[in-house]
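Chemist: Pasting in a structure now, in structure tokens, and then I'll have a few things to ask.
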Amino acid sequence: MEQRLRRVAVLGGGLTGLSAAFYLLKLSKERGENIEVTVIEGSNRLGGRVNTLRRDGYVIERGPDSFLARKLPMIELARELGIAVELTGTNPLAKKTYISLDGRLHPMPEGLTLGIPSDQEKFMRTDLVSEEGKLRALEDLSMAPEDDQGDETVGDFLERRMGKEMVERIFEPLLAGIHAGDLYRLGLQATFPQFKQMVREHGSLIAGTKEAQLDAARLKAEKEANSPAAAATNADSEPLPSSVFMTFRNGLSTVIEALEARIRADGCLIRMGSEVESLAPIPQPQSNVADHGTYRLNLSDGSALDADEVLFTLPAYATSELLSPHVDVSALTNIRYISVANVVLAYDEAGFNHDLDGSGFLVPRGEHRHITASTWTSSKWLHTAPKGKRLIRCYVGRAGAEQGVELNDAVLAGVVQRDLQDLTGLTATPEFVEITRLRHSMPQYPVGHVDAIASFRDNLSASLPGVLATGAAFGGVGLPDCVEQGKKAAEALLNYRKA
């Protein structure tokens with residue numbers, strides 16, 4: 001008897017949704033299952049926040065510019081798509097990062113890992129933290145064991161362990177920048193759960209960081225000793241970059257383009273330019289149930305799509321609107337979103353009066369600048385600018401300071417250039433400026449987020465069997481996190497009928 005066709009609708013054509021579609025098709029084929037996948041994207045482009053502009057020989061990222069190499073799902077996906085040969089790392093000569101303090105750029109202390117000083121000798125030489133602040137930070141090593149009081153904010157935890165000055169001058173620009181958030185509102189369990197684990201297992205953040213570094217070094221040595229070739233090469237027999245961060249030589253959109261090509265070739269249907277307006281269960285007849293879909297999706301173009309299973313990979317606010325008639329969505333409505341802007345400036349080297357001697361700089365909240373951070377892109381990523389050109393990217397907007405995002409283009413470009421001049425002395429005039437506003441793009445995980453999402457998913461499964469929700473709002477904003485969530489959702493959907 002021929003297996004009945006299963007129809008799965010994936011809502012959202014960003015990295016999570018496309019990864020889910022890829023793994024749905026790949027895994028169903030491996031299992032011999034008959035499946036039809038439809039991706040529904042409300043805009044007229046795929047990729048979500050991933051958006052590469054290729055212009056005049058430049059490779060410009062209008063969204064995220066890289067991913068953490070230690071998080072393997074992106075690398076594994078690149079291998080499966082046959083694009084791992086395109087991976088590239090940062091310029092090894094551009095290691096220095098600066099932090100602004102009182103209008104001047106100071107080198108970030110060497111030996112920091114997520115802001116934690118694992119090299120105390122080098123940390124004590126920095127000008128970024130006062131002598132009193134340094135000694136307060138090192139008290140982390142001698143503090144009494146902590147009782148596990150449940151989730152709390154990142155800021156409260158780090159201030160208790162290392163003091164307020166470290167939070168304001170080091171942790172805030174370094175960690176809050178990942179989410180464009182406020183450390184005193186971000187939940188620790190959803191953002192940096194390893195911090196509490198370090199204290200629980202090793203007694204302090206500093207000791208835990210040192211031990212993690214030793215473990216990583218031992219693991220690397222073991223891999224190289226046991227199989228040097230396997231440790232150094234990918235599936236295409238090409239060396240993988242030795243780099244903390246990676247991207248693709250022709251931009252992050254490389255993975256979006258490869259995913260689109262592959263899933264289309266595998267029979268995936270992609271519908272763009274029309275949003276889902278409602279979801280409703282289809283009343284099932286008493287007989288011949290197997291011939292009918294389970295859910296009906298009504299689209300803004302007036303059409304409808306029936307599906308057996310539905311995967312939401314939309315922002316929390318969009319998912320909550322569609323699911324609120326069916327389930328308690330307070331876990332989603334409690335997730336605030338922050339708007340940010342990327343301002344990319346391209347220069348000719350003639351008259352460019354800065355060495356770009358590093359990867360860029362971070363700006364703490366207390367400095368009261370429009371710029372929250374700047375990447376010296378053509379220095380950090382050598383593939384991003386043609387010969388004789390320079391590329392700088394600046395970030396604007398964070399929790400509590402989003403007004404700069406909505407300045408008109410001329411004003412926004414002007415204030416960014418003034419901040420650059422004040423902090424770096426750069427007076428060169430850019431050949432062009434590319435501005436991208438990412439409105440409501442950065443989810444802020446509140447205290448209790450992990451437990452709230454787990455409860456929401458349980459309720460969703462009970463209320464709407466076969467409907468899942470995942471993505472950046474749920475379990476991580478990094479690109480490998482999105483890939484991993486897409487793959488896990490695909491596996492869950494395929495296993496659903498077997499449960």
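Mapping the sequence shown onto UniProt numbering, position 477 (from 1) lands on 477, and the numbers just tick up by one.
Yeah, the Cβ is synthetic: ideal placement off N, Cα and C, and Gly gets one too.
Apply the 10 Å Cβ neighbour rule to VAL244 and answer buried if 16 or more other Cβ atoms are within range, or exposed otherwise.
Modeler: VAL244 is exposed by the Cβ-count criterion.
Chemist: Excluding five sequence neighbours on each side, which residues of the same chain lie with their C-beta closer than 7 angstroms to the C-beta of ASN234?
Modeler: Confidence is the limiting factor: at ASN234 the pLDDT is only 44, short of 50, which leaves the residue's position unreliable, though a coordinate-based value still follows. Here the set comprises ARG79, ALA84 and LEU240.
Chemist: Do the segment 166-184 and the segment 421-430 touch if we need at least three Cβ pairs shorter than 8 angstroms?
Modeler: In short, these stretches do not touch, since the Cβ pair count stays below three.
Chemist: Have a look at SER324 and ALA489 and give me their C-alpha separation to the nearest angstrom.
Modeler: Whole-angstrom Cα-Cα distance: 21 angstroms.
Chemist: Are the segment 126-143 and the segment 435-450 in contact at 8 angstroms, needing three or more beta carbon pairs?
Modeler: These segments do not touch.
Chemist: With three or more beta-carbon pairs closer than 8 angstroms as the criterion, would you say the segment 404-413 touches the segment 148-164?
Modeler: Cβ pair count under 8 angstroms is below three, so no.
Chemist: Excluding sequence positions up to five away, which residues of its chain have a Cβ less than 7 angstroms from the Cβ of MET74?
Modeler: Excluding positions up to five away in sequence, the list reads PHE67, LEU479, PRO480 and VAL483.
Chemist: Starting from PRO443, trace the beta strand (DSSP E) both ways and give me its first and last residue.
Modeler: Its beta strand (DSSP E) spans residues 432-444.
Chemist: Please classify ALA290: is it buried, with 16 or more other beta-carbons within 10 angstroms of its beta-carbon, or exposed?
Modeler: Residue confidence is low: ALA290 scores 45 on pLDDT, short of 50, so the model does not pin down where it sits. No coordinate-derived value is stated.
Chemist: Using DSSP's beta-bridge definition, name the partner residues of ASP306.
Modeler: DSSP lists ARG296 as partners of ASP306.
Chemist: Curious, which full-length beta strand (DSSP E) runs of at least 3 residues does the segment 184-216 contain?
Modeler: Listed in chain order, nothing qualifies, since the segment 184-216 has no complete beta strand (DSSP E) run of 3 or more residues.
Chemist: Within 8 angstroms, do at least three Cβ pairs link the segment 446-462 to the segment 359-368?
Modeler: Touching, no, given that fewer than three Cβ pairs across the two stretches are closer than 8 angstroms.
Chemist: Just how far apart, CA to CA, sit LYS487 and THR313?
Modeler: Answer to the nearest angstrom: the Cα atoms are 12 angstroms apart.
Chemist: Measure the alpha-carbon distance for PHE361 versus SER374 and round it to whole angstroms.
Modeler: Cα-Cα distance, rounded: 5 angstroms.
Chemist: According to DSSP, is ARG62 part of a helix, a strand, or is it coil?
Modeler: It is coil, neither helix nor strand.
Chemist: Determine the direct distance from the alpha carbon of VAL433 to that of VAL467, and round the result to whole angstroms.
Modeler: Distance between the alpha carbons of VAL467 and VAL433 is about 43 angstroms.
Chemist: Can you list, in chain order, the residues of its chain with a C-beta nearer than 8 angstroms to that of LEU128? Leave out the 5 residues immediately preceding and following it.
Modeler: ILE99, LEU101, HIS106, MET108, PRO109, ARG169 and ILE170, listed in sequence order.
Chemist: For VAL396, which option in VAL340, VAL447, PRO446 and THR377 has the closest C-alpha, if you only look at C-alpha atoms?
Modeler: Ranking the options by Cα distance to VAL396, first place goes to VAL340.
Chemist: I'd like to check one pair, LEU11 with VAL477: are the Cβ atoms closer than 8 angstroms?
Modeler: Contact: no.
Chemist: Of the residues ALA137, PRO145 and GLU275, which one's Cα is nearest the Cα of LEU299?
Modeler: The shortest Cα separation from LEU299 among ALA137, PRO145 and GLU275 belongs to GLU275.
Chemist: Over what stretch of residues does the alpha helix (DSSP H) that includes ASN459 continue unbroken?
Modeler: Counting along the chain, the alpha helix (DSSP H) containing ASN459 begins and ends at 449-463.
Chemist: Would you say LEU460 and ALA469 are within 8 angstroms of each other, going by their C-beta atoms?
Modeler: Yes. Within cutoff.
Chemist: Using the three-state DSSP reduction, which class does PHE312 fall into: helix, strand or coil?
Modeler: Strand.
Chemist: Just curious, the beta strand (DSSP E) that PHE248 is in, first and last residue?
Modeler: From DSSP, the beta strand (DSSP E) with PHE248 extends over 245-248.
Chemist: What residue range is occupied by the uninterrupted beta strand (DSSP E) comprising ILE270?
Modeler: Unbroken beta strand (DSSP E) run through ILE270: 269-272.
Chemist: Rounding to the nearest angstrom, what Cα-Cα distance links ASN495 and ARG336 in this structure?
Modeler: Taking the straight line from one Cα to the other gives about 32 angstroms.
Chemist: By how many angstroms is the C-alpha of THR384 removed from the C-alpha of ALA94?
Modeler: Roughly 14 angstroms between the two C-alpha positions.
Chemist: Beta carbon of ALA9, beta carbon of LEU297: below 8 angstroms?
Modeler: A contact, by the Cβ cut-off of 8 angstroms.
Chemist: Return the CA-CA distance between ASN51 and VAL59, expressed in angstroms with no decimal places.
Modeler: Taking the straight line joining both Cα atoms gives about 11 angstroms.
Chemist: Note the first and the last residue of the continuous alpha helix (DSSP H) segment covering GLU30.
Modeler: Where GLU30 is concerned, the enclosing alpha helix (DSSP H) stretches over 15-31.
Chemist: Within 10 angstroms of its Cβ, does LYS196 collect 16 or more other Cβ (buried), or is it exposed?
Modeler: Label assigned to LYS196: buried.
Chemist: What do you get for ASP308, buried or exposed, if any count of 16 or more other CB atoms within 10 angstroms of its CB means buried?
Modeler: Its Cβ being crowded by 16 or more others within 10 Å, ASP308 is buried.
Chemist: Alpha carbon to alpha carbon, how far is SER278 from ARG249?
Modeler: Cα to Cα, SER278 sits roughly 40 angstroms from ARG249.
Chemist: Please return the same chain residues whose Cβ sits closer than 6 angstroms to the Cβ of GLY57, not counting the five positions on each side in sequence.
Modeler: Excluding sequence neighbours, GLY57 sits near PRO386.
Chemist: Any idea if ARG7 is buried or exposed, counting beta-carbon neighbours within 10 angstroms, 16 or more meaning buried?
Modeler: With 16 or more Cβ atoms within 10 Å of its Cβ, ARG7 is classed as buried.
Chemist: Count the other CB atoms, across all protein chains shown, that sit within 10 Å of the CB of SER378; report buried if there are 16 or more and exposed otherwise.
Modeler: Per the 10 Å Cβ criterion, buried.
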